[in-house]
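A short worksheet on the structure shown next.
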Amino acid sequence: MKENKGHLLVVDDNELNRRLLLRRLSRQGFTVDTAEDGWKALAFLEKKLVDVVLLDVEMPGISGFDVLKKLRAKHSITELPIIVTTARTESADLVEALELGANDYVTKPVDFAVTVARIQTQLRLKRAEEARRESEERYALATAGSNDGVWDWDFRNNSVFYSDRWKAMLGYDPHEIQPLASEWFSRIHPEDTTRFEADLKAHLDGVDPHFESEYRVIHRDGAYRWVLSRGLAVRDPSSQAYRLAGSQTDITSAKVADPLTGLPNRLLFMDRLAHLVDRAKRRRDVQFAVLFLDLDRFKVINDSLGHMFGDQLLIEFAQRLERNLRFADTVTHLSGRTNLARLGGDEFAVLLEDLAHPDHARMVGERLIDRMKQPFRLSGNEVFVTASIGVALSSTVYEKPEDLVRDADTAMYRAKALGRGRVEVFDSEMRASVMARFQLETELRYATERKEFSNYYQPIVSLETGAICGVEALVRWHRPSTGVIFPTEFIPAAEEIGAIIPIGNHVLLDACRQLQGWHRMQSEDLVIAVNISARQFAQDKFTVQIRDVLDTVDFDPSCLRLEITESMMMGDPDTTRNTLNELKSIGVKIAIDDFGTGYASLSYLHRFPVDTLKIDRSFVSQMETDKERREIVRAILSLAQNLGLSVIAEGVETATQVNLLREFGCAWGQGFYFSHPVDASSAASLLTSQTNWAEVLRRSAASPHSSPPKAIALT
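If you count the sequence shown from 1, position 610 lands on 1924 in my numbering, and the numbers rise without skipping.
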């Protein structure tokens, strides 16, 4: 079966010509219809369109020229190619035919080979045009369907084509944007220009195979929109780009919306806040406030009930905030708007614009806290959640929006420190506190390399014999600006900024080296106790680090006791048990510090390879006057005896406490009654003066109000 090359209509009043062309063209694979005059041809083409028309010029009734005029009134030269056939050879007739819209002509008598060639030429042109038009339509439909704007940059004449959608994306009508590159680049946010230019250059230089860049462009309404531009360069044989075409997509919604709650995200919130900060610089009467909200104990809810439950709570919390912010506007008579955003995690922020009075910001915060007292009903559970709120007012001149959020965040942490579920407004006192903390953190980062830390030592004494069984290393910071700083003043900051790792390593290494020297002076049974921070303990290769220190000092592992707190143990019990087993395998002893202050460790205690419990000083110090505390100490000692653990009582300060502890069966004590923490030199004196300690204990048993000799009570 021959391929159908195309559908032809032969229009000729000569029957012989029609039959001849019909027969020969059909043999060539064309589908051929005929018409004996112009009217019948027009009638045929009203019902059915063909690929090419062979039109005789000289026909009775209506000439071929008239038929040509009528057809061109309806069909373009690419839509319906027309080849005229004529016996006339005058150039004027041929020119007239071409001017009326004929695509080509053949003269009679017809040269069949020439006729077929010209028909095929017109068919190729027609099909190429149809393919081009179909491609354009497909591209136009795809572009319209994706809602993208299209751009096409010709480097040779530095002109840029912008589609109507591209212009509408920026709020302009089609005629309002000129085909200039500056129409595009001048609208890019100044902070994004450098990145945009780098992305563009990377593609044009051939570093990146495609051009892709996210940036902000200014809309006609003065607001910025986030867009994503993608493109591809066309290059000449030398790989030089001469054209770049692509699309622009509005990604504002995805960029500035929080996917969980649907609220504006930090990006949009900070953008809106930046506008207000700029306004406040120009107009002193502009008053606004930032409220920084954080759910109290959200991590506990997340860890105990699961992240899906936590996400559901965040959604409900956000919705309640939205509802009550509108209500708060009415109650406090705010003349402006509120902007609520989720900054991340369980942190939310509210921007109160055009405040009538600064006190209204606190009133809004307190009203929100009041509304949060009602329980959240989630998956059949009632959950009570409080929030802490910090407020920063624009009455303080701010240069950057980040500073407002920072201060509101600081006030929020003050609210948490004062008991949670309350509102605190940032003030100059907080600023001074923040600056002091910043200075402390800055100095902490360099304190280790400047050798500003040293260990002090407090003896651990046998309550039976007075012998010193060990010492605890307690770090001190010799801060140049303020003098000696105790751990409670700098350890929390060191934990937060990560400086605790080098500090802890220094304390451990220095303590082990010191004990080696004391071993050479006297009994090698002396044990050194070193406190381990949560950040140290959580390191992946903590046991390896301990082993490296022991190898460096050539130290007997059994003489090292590492002290960890109950809260550290219970953070991740399985991981804790594995780490403790690794430490025990190399011979290190383990003590639980501040024992009794936790709540969950009693049920887990038998699972951990622990050697010693250290009773927290808060129980020991109140044994004399508080019966309940006394019974807790007795219970801890009984528990330790049943588990085969030794016990050290911390915070021993009086002879009465010593006697009670001995009565309860406590073997070891540590505290000011025996010695304050002292430097290495004074500690050496304590270790060599042990002959007095047994006498001190006998005196304490005989006289509850007796004091240790002054030579021992070193400070």
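Glycine included, each C-beta is placed from N, C-alpha and C at the ideal position.
Would the beta-carbon of residue i fall within 7 Å of that of residue j?
{"i": "PHE1978", "j": "LEU1951", "result": "yes"}
{"i": "PRO1871", "j": "GLY1901", "result": "yes"}
{"i": "GLU1880", "j": "ALA1843", "result": "no"}
{"i": "THR1970", "j": "GLU1938", "result": "yes"}
{"i": "GLN1850", "j": "GLY1818", "result": "yes"}
{"i": "THR1563", "j": "LEU1542", "result": "yes"}
{"i": "ASP2033", "j": "HIS1321", "result": "The question about residue 2033 has no answer here: the residues shown for the chain are numbered 1315 through 2029."}
{"i": "VAL1398", "j": "GLY1378", "result": "yes"}
{"i": "ARG1586", "j": "ASN1695", "result": "no"}
{"i": "ASP1925", "j": "ASP1908", "result": "no"}
{"i": "ALA1682", "j": "ASN1638", "result": "The sequence shown places Leu at residue 1682, rather than the Ala named in the question. Against a cut-off of 7 Å, the Cβ pair of ASN1638 and LEU1682 comes out as a contact."}
{"i": "MET1686", "j": "ALA1663", "result": "no"}
{"i": "ASP1370", "j": "GLU1350", "result": "no"}
{"i": "ALA1725", "j": "LEU1758", "result": "no"}
{"i": "ILE1258", "j": "TRP1791", "result": "Since the first residue shown for the chain is 1315 and the last is 2029, residue 1258 is missing from the structure and cannot be characterised."}
{"i": "LEU1897", "j": "VAL1863", "result": "no"}
{"i": "ASP1721", "j": "ALA1706", "result": "yes"}
{"i": "GLY1560", "j": "GLY1576", "result": "no"}
Tell me the DSSP secondary structure of residue i in three-state form.
{"i": "ARG1691", "result": "strand"}
{"i": "VAL1858", "result": "helix"}
{"i": "GLN1850", "result": "helix"}
{"i": "LYS1928", "result": "strand"}
{"i": "ARG1333", "result": "helix"}
{"i": "CYS1980", "result": "coil"}
{"i": "PRO1773", "result": "strand"}
{"i": "ASN1653", "result": "strand"}
{"i": "TYR1987", "result": "coil"}
{"i": "HIS1647", "result": "Confidence is the limiting factor: at HIS1647 the pLDDT is only 35, short of 50, which leaves the residue's position unreliable and the question unanswerable from this model."}
{"i": "GLU1964", "result": "strand"}
{"i": "ALA2027", "result": "Here ALA2027 scores only 39 on pLDDT, less than 50, and its place in the model should not be relied on; the value that follows carries that caveat. Coil, per DSSP."}
{"i": "TYR1760", "result": "helix"}
{"i": "ALA1787", "result": "strand"}
{"i": "PHE1525", "result": "strand"}
{"i": "ALA1729", "result": "helix"}
{"i": "SER1377", "result": "coil"}
{"i": "ARG1452", "result": "helix"}
{"i": "ALA1547", "result": "strand"}
{"i": "PHE1909", "result": "strand"}
{"i": "ASN1318", "result": "coil"}
{"i": "ARG1681", "result": "helix"}
{"i": "SER1995", "result": "helix"}
{"i": "SER1496", "result": "helix"}
Candidates the options: which alpha carbon is nearest residue i's?
{"i": "TYR1727", "options": "ARG1501, GLU1713, SER1747, GLY1520", "result": "SER1747"}
{"i": "SER1768", "options": "ARG1827, GLY1812, ALA1722", "result": "ARG1827"}
{"i": "VAL1614", "options": "ILE1814, ALA1725, LEU1627, PHE1602", "result": "LEU1627"}
{"i": "LEU1359", "options": "LYS1384, LEU1546, VAL1947, VAL1398", "result": "LYS1384"}
{"i": "PHE1344", "options": "ASN1892, ASP1608, ASN1331, VAL1324", "result": "VAL1324"}
{"i": "TYR1770", "options": "LEU1829, GLY1624, SER1405", "result": "LEU1829"}
{"i": "ASP1839", "options": "ASP1608, GLU1877, GLY1784, ILE1904", "result": "GLY1784"}
{"i": "PRO1423", "options": "GLU1778, ASN1956, LEU1334, THR1348", "result": "LEU1334"}
{"i": "PRO1266", "options": "ILE1782, THR1779, TYR1760", "result": "Only positions 1315 to 2029 of the chain appear in this structure, which leaves residue 1266 out of reach."}
{"i": "ARG1534", "options": "GLY1620, GLU1490, LEU1514", "result": "GLU1490"}
{"i": "ILE1376", "options": "GLY1352, LEU1368, VAL1367", "result": "GLY1352"}
{"i": "VAL1737", "options": "VAL1821, ASP1723, ARG1598", "result": "ASP1723"}
{"i": "LEU1339", "options": "SER1935, GLN1434, ASP1673", "result": "GLN1434"}
{"i": "ALA1568", "options": "LEU1822, ARG1539, GLY1545", "result": "ARG1539"}
In the DSSP assignment, what are the bridge partners of residue i?
{"i": "ASP1347", "result": "LEU1323"}
{"i": "HIS1792", "result": "VAL1798"}
{"i": "LYS1903", "result": "ARG1875"}
{"i": "THR1563", "result": "LEU1542"}
{"i": "THR1400", "result": "THR1421"}
{"i": "ILE1502", "result": "VAL1531"}
{"i": "ILE1782", "result": "VAL1775"}
{"i": "PHE1475", "result": "ASP1466"}
{"i": "VAL1313", "result": "This structure leaves residue 1313 out entirely; the chain is present only between 1315 and 2029."}
How far does the alpha helix (DSSP H) with residue i in it reach, from first residue to last?
{"i": "CYS1826", "result": "1814-1835"}
{"i": "VAL1364", "result": "Where VAL1364 is concerned, there is no enclosing alpha helix (DSSP H), given that its DSSP letter is neither H nor E."}
{"i": "GLY1463", "result": "It is not in any alpha helix (DSSP H) - GLY1463 instead sits in the beta strand (DSSP E) that spans 1463-1468."}
{"i": "GLU1938", "result": "Counting along the chain, GLU1938 falls outside any alpha helix (DSSP H), and DSSP gives it neither H nor E."}
{"i": "ASN1616", "result": "1612-1619"}
With respect to the beta strand (DSSP E) encompassing residue i, which residues constitute its N-terminal and C-terminal limits?
{"i": "ALA1663", "result": "1661-1666"}
{"i": "ALA1843", "result": "1841-1845"}
Consider the Cβ of residue i: report whether some Cβ of chain D lies at a distance smaller than 7 Å.
{"i": "ALA1603", "result": "Looking for chain D here will not work: only one protein chain is present."}
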